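Data block below; observations after.
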Amino acid sequence: MKKRDFLKIAGLSGIGVTSSVEILVAGSHREPLVKVRKQEFNMSGYAAPKIDNVRIGYIGLGNRGAGAIKRMVHIENVQIKGVADILPEKANSAKQQLEQSGHRPDVYSGSADAWKKLCDRDDIDLIYICTPWDLHAPMAIYAMEQGKHVAVEIPAALTVDECWKLVEISEKTKKHCMMLENCCYDFFELLTLNMARQGFFGEIVHAEGAYIHDIFDSLFQKDKRFELWRLKENLRNGNLYPTHGLGPVAQVLDINRGDKMDYLVSMSSNDFMLQARAKELAEKDPYFKQYTDKSFRGNMNTTTIRTSKGRTIMLQHDVSSPRPYSRLHTISGTKGAAQKYPLSEDGSQGRISQGHEWLKASEFKELEAKYQPEIVKRVGELAKKVGGHGGMDFLMDWRLIDCLRNGLPLDQDVYDAASWSVIAPLSEWSVAHRSNSIDIPDFTNGAWKKNRQVDITLKGGGNTGVKS
Numbered sequence: 007m008k009k010r011d012f013l014k015i016a017g018l019s020g021i022g023v024t025s026s027v028e029i030l031v032a033g034s035h036r037e038p039l040v041k042v043r044k045q046e047f048n049m050s051g052y053a054a055p056k057i058d059n060v061r062i063g064y065i066g067l068g069n070r071g072a073g074a075i076k077r078m079v080h081i082e083n084v085q086i087k088g089v090a091d092i093l094p095e096k097a098n099s100a101k102q103q104l105e106q107s108g109h110r111p112d113v114y115s116g117s118a119d120a121w122k123k124l125c126d127r128d129d130i131d132l133i134y135i136c137t138p139w140d141l142h143a144p145m146a147i148y149a150m151e152q153g154k155h156v157a158v159e160i161p162a163a164l165t166v167d168e169c170w171k172l173v174e175i176s177e178k179t180k181k182h183c184m185m186l187e188n189c190c191y192d193f194f195e196l197l198t199l200n201m202a203r204q205g206f207f208g209e210i211v212h213a214e215g216a217y218i219h220d221i222f223d224s225l226f227q228k229d230k231r232f233e234l235w236r237l238k239e240n241l242r243n244g245n246l247y248p249t250h251g252l253g254p255v256a257q258v259l260d261i262n263r264g265d266k267m268d269y270l271v272s273m274s275s276n277d278f279m280l281q282a283r284a285k286e287l288a289e290k291d292p293y294f295k296q297y298t299d300k301s302f303r304g305n306m307n308t309t310t311i312r313t314s315k316g317r318t319i320m321l322q323h324d325v326s327s328p329r330p331y332s333r334l335h336t337i338s339g340t341k342g343a344a345q346k347y348p349l350s351e352d353g354s355q356g357r358i359s360q361g362h363e364w365l366k367a368s369e370f371k372e373l374e375a376k377y378q379p380e381i382v383k384r385v386g387e388l389a390k391k392v393g394g395h396g397g398m399d400f401l402m403d404w405r406l407i408d409c410l411r412n413g414l415p416l417d418q419d420v421y422d423a424a425s426w427s428v429i430a431p432l433s434e435w436s437v438a439h440r441s442n443s444i445d446i447p448d449f450t451n452g453a454w455k456k457n458r459q460v461d462i463t464l465k466g467g468g469n470t471g472v473k474s
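Next comes the structure, spelled out in structure tokens:
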């Protein structure tokens with residue numbers, strides 16, 4: 007492999023690498039991408055000082071950001087101090103909406119760097135980032151450098167180098183960097199995590215996750231995507247959005263906390279739809295002519311991962327084919343199994359088995375009651391009322407604030423943000439090299455062997471108030 011090709015695929019070309027990392031370009035495709043120096047500080051299990059009232063600044067007020075501020079006003083002991091968006095109408099609309107709930111945020115807009123002024127303030131504890139993907143890591147890094155905890159939408163980074171920088175800055179500043187992987191807080195995912203912790207599935211052997219979601223038409227709608235940023239991301243060929251499927255099963259497998267992802271292989275189909283649609287649109291709208299000769303990602307990408315303990319994970323990504331939504335969420339162990347999709351006709355989620363057949367609905371209900379996680383008992387019903395993908399978004403926000411207020415370790419740390427996000431650039435490399443395997447960096451630098459499991463008991467917390 008030529009060095010220039012390696013740097014291009016890994017997303018390292020033109021990016022200055024810090025002195026603490028050494029890029030290895032070698033003849034073997036199994037050679038590690040990065041060798042890291044001794045861990046500066048272990049952020050796994052780190053409990054930052056308590057914050058009685060969490061002061062928040064939001065960056066990005068499009069689809070995800072607008073929904074995020076609507077949810078946050080239902081949680082007590084928070085103050086939304088500022089909102090930032092490159093589009094003034096978005097920022098001003100958010101300000102007006104928040105003022106109805108008693109918040110008085112300042113507005114930052116009108117330039118590409120206006121958000122930095124929000125991060126520079128000394129009266130903000132948490133920066134909440136909901137911008138296009140390529141801005142996630144730069145904004146998170148800057149915010150941590152200014153002494154702020156960070157909650158950043160998925161994926162947290164797009165390149166290997168960005169993943170390492172997030173880790174380094176979080177360790178250096180001792181500021182949390184949580185990726186907002188909401189699917190970890192969906193009800194069936196929380197249930198199966200608790201069941202796994204109680205040994206219901208036995209030893210976990212295999213897990214599956216996916217993001218199969220037909221958003222094909224919206225990729226080309228200029229009024230829905232700022233500068234069609236999501237379409238531009240699809241010029242990369244790999245598993246571009248792995249964390250919805252990976253995050254929940256990674257927690258079941260205790261990734262970075264007892265096991266780690268070792269290496270992956272990835273394969274993509276051809277693109278059967280994206281370029282064809284671009285050519286069709288270009289006949290009426292000259293704007294799309296720039297995409298008619300571009301190579302888009304394949305419709306379906308399948309990535310397989312092997313962990314250090316010999317378990318396997320299968321991830322899929324398809325956002326263009328006309329098929330029902332699915333994140334798979336399949337857990338297979340030595341004593342039982344779970345599978346979420348396809349959803350039942352009555353809309354109920356999930357199936358459990360301890361043999362050749364799925365348990366009956368009545369049996370499932372008994373297990374659901376027995377293994378219901380504490381967070382669902384506390385705020386599950388309110389979460390369903392507030393909403394956000396059925397309530398999981400609210401559970402995520404509530405848990406984030408509860409941890410910050412009570413000085414608890416976060417459910418997702420910077421190592422999760424990096425290792426879950428890095429699957430995208432590594433899958434690109436594998437696809438470009440005839441599905442050869444490639445090592446997954448150990449962002450914990452060996453600490454995964456002693457890091458503790460995510461605490462799902464709410465011990466020491468769970469007392470953050472909510473508004474109905």
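Residue numbering for the sequence shown follows this note's numbering, starting at 7 and increasing by one per position. Here a beta-carbon is modelled for each residue, glycine too, at the ideal position from N, C-alpha and C. Being a predicted model, the structure only gives us computed values, none of them experimental.
Which same chain residues end up closer than 7 Å to residue i when comparing Cβ atoms and leaving out the 5 residues on each side of it in sequence?
i      : result
Met150 : Val156, Ile175, Ser176, Thr179, Lys181 and Cys183
Met470 : Rather than Met, the amino acid found at residue 470 in this sequence is Thr. Result list for Thr470: Ile81, Glu82, Asn83, Trp404, Ile407, Asp408 and Arg411, in chain order.
Gly476 : It is not possible to answer for residue 476, since the shown part of the chain is limited to 7 through 474.
Val113 : Val89, Ala97, Asn98 and Lys101
Gly116 : Pro94
Asn188 : His395, Met398, Asp399 and Met402
Taking DSSP as the reference, what is the three-state secondary structure of residue i?
i      : result
Lys266 : coil
Cys136 : coil
Asn307 : strand
Lys473 : coil
Asp461 : coil
Gly386 : helix
Val79  : coil
Arg70  : helix
Val60  : strand
Gln85  : strand
Gln360 : coil
Asp112 : strand
His155 : strand
Met201 : helix
Ile92  : coil
His323 : strand
Glu28  : A caution first: Glu28 carries a pLDDT of 39, below 50, which makes its placement in the model unreliable, though a value can still be read off. Strand.
Gln102 : helix
Gln296 : helix
Arg317 : coil
Ile381 : helix
Asp126 : helix
Ala344 : strand
Gly339 : strand
Ser436 : helix
Ser350 : coil
Ser332 : strand
Ile446 : coil
Apart from the five residues on each side of it in sequence, which residues of its chain come closer than 8 Å, Cβ to Cβ, to residue i?
i      : result
Leu365 : Arg357, Ile358, Ser359 and Leu373
Gln45  : Glu177, Thr450, Asn451, Gly452 and Ala453
Leu77  : It should be pointed out that residue 77 corresponds to Arg in this sequence rather than to Leu. For Arg77, where only same-chain residues beyond five positions count, the Cβ hits under 8 Å are Val392, Gly393, Gly394, Asp399, Phe400 and Asp403.
Lys228 : Leu234 and Tyr293
Gly73  : Gly394 and Asp399
Would you please state the rounded distance, in angstroms, between the beta carbons of residue i and residue j? I believe it to be under 8 Å.
i      : j      : result
Ser443 : Val271 : 5 Å
Arg57  : Gln85  : Looking at the sequence provided, one finds Ile at residue 57 rather than Arg. Actually they do not touch by this definition, with Cβ atoms about 11 Å apart.
Trp139 : Ala90  : In fact, because the Cβ distance is near 17 Å, the residues do not count as touching under 8 Å.
Arg384 : Leu464 : 7 Å
Tyr64  : Tyr134 : 5 Å
Val420 : Val173 : 5 Å
Arg329 : Ile221 : Going by Cβ atoms, the distance from Arg329 to Ile221 rounds to 12 Å, so no, they are not a contact pair.
Ala213 : Ile337 : 5 Å
Thr165 : Pro431 : 5 Å
Pro254 : His362 : Actually they are not in contact, since the Cβ atoms of Pro254 and His362 sit about 25 Å apart, beyond 8 Å.
Ile92  : Ala118 : 6 Å
Looking only at its own chain, which residues have a Cβ that is under 6 Å from the Cβ of residue i, when we skip the five neighbours before and after it?
i      : result
Leu416 : His182, Met184 and Cys409
Asn276 : Gly304
Thr308 : Met273 and Gln322
Leu186 : Ala157 and Glu159
Checking contacts by CB at 8 Å: is residue i closer than that to chain D?
i     : result
Gly88 : Note that chain D does not occur in the displayed structure, where there is just one protein chain.
Can you give, in chain order, each stretch of the beta strand (DSSP E) that sits fully within the region 203-282 and has at least 3 residues?
Within the region 203-282, the runs of beta strand (DSSP E) at least 3 residues long that lie entirely inside it are, in chain order, 210-218 and 267-274.
So, do the region 309-329 and the region 244-253 have three or more beta carbon pairs nearer to each other than 8 Å?
Taking a cut-off of 8 Å on C-beta distances, the region 309-329 touches the region 244-253, as three or more cross pairs fall below it.
Examine the Cβ distances between the region 439-459 and the region 277-284 and report whether three or more of them are shorter than 8 Å.
Contact between the region 439-459 and the region 277-284 is absent, with fewer than three C-beta pairs closer than 8 Å.
Cβ pair count under 8 Å reaching 3, the region 255-264 against the region 192-208
By the Cβ test, the region 255-264 is in contact with the region 192-208, since at least three Cβ pairs between them sit closer than 8 Å.
Using 8 Å as the Cβ pair cut-off and three pairs as the minimum, do the region 298-312 and the region 219-234 touch?
Contact fails between the region 298-312 and the region 219-234, because fewer than three Cβ pairs, one in each stretch, are under 8 Å apart.
Taking only runs that begin and end inside the region 159-197, name each unbroken beta strand (DSSP E) of 3 or more residues, in chain order.
Every unbroken stretch of the beta strand (DSSP E) spanning 3 or more residues and falling wholly within the region 159-197 is given here in chain order: 183-185.
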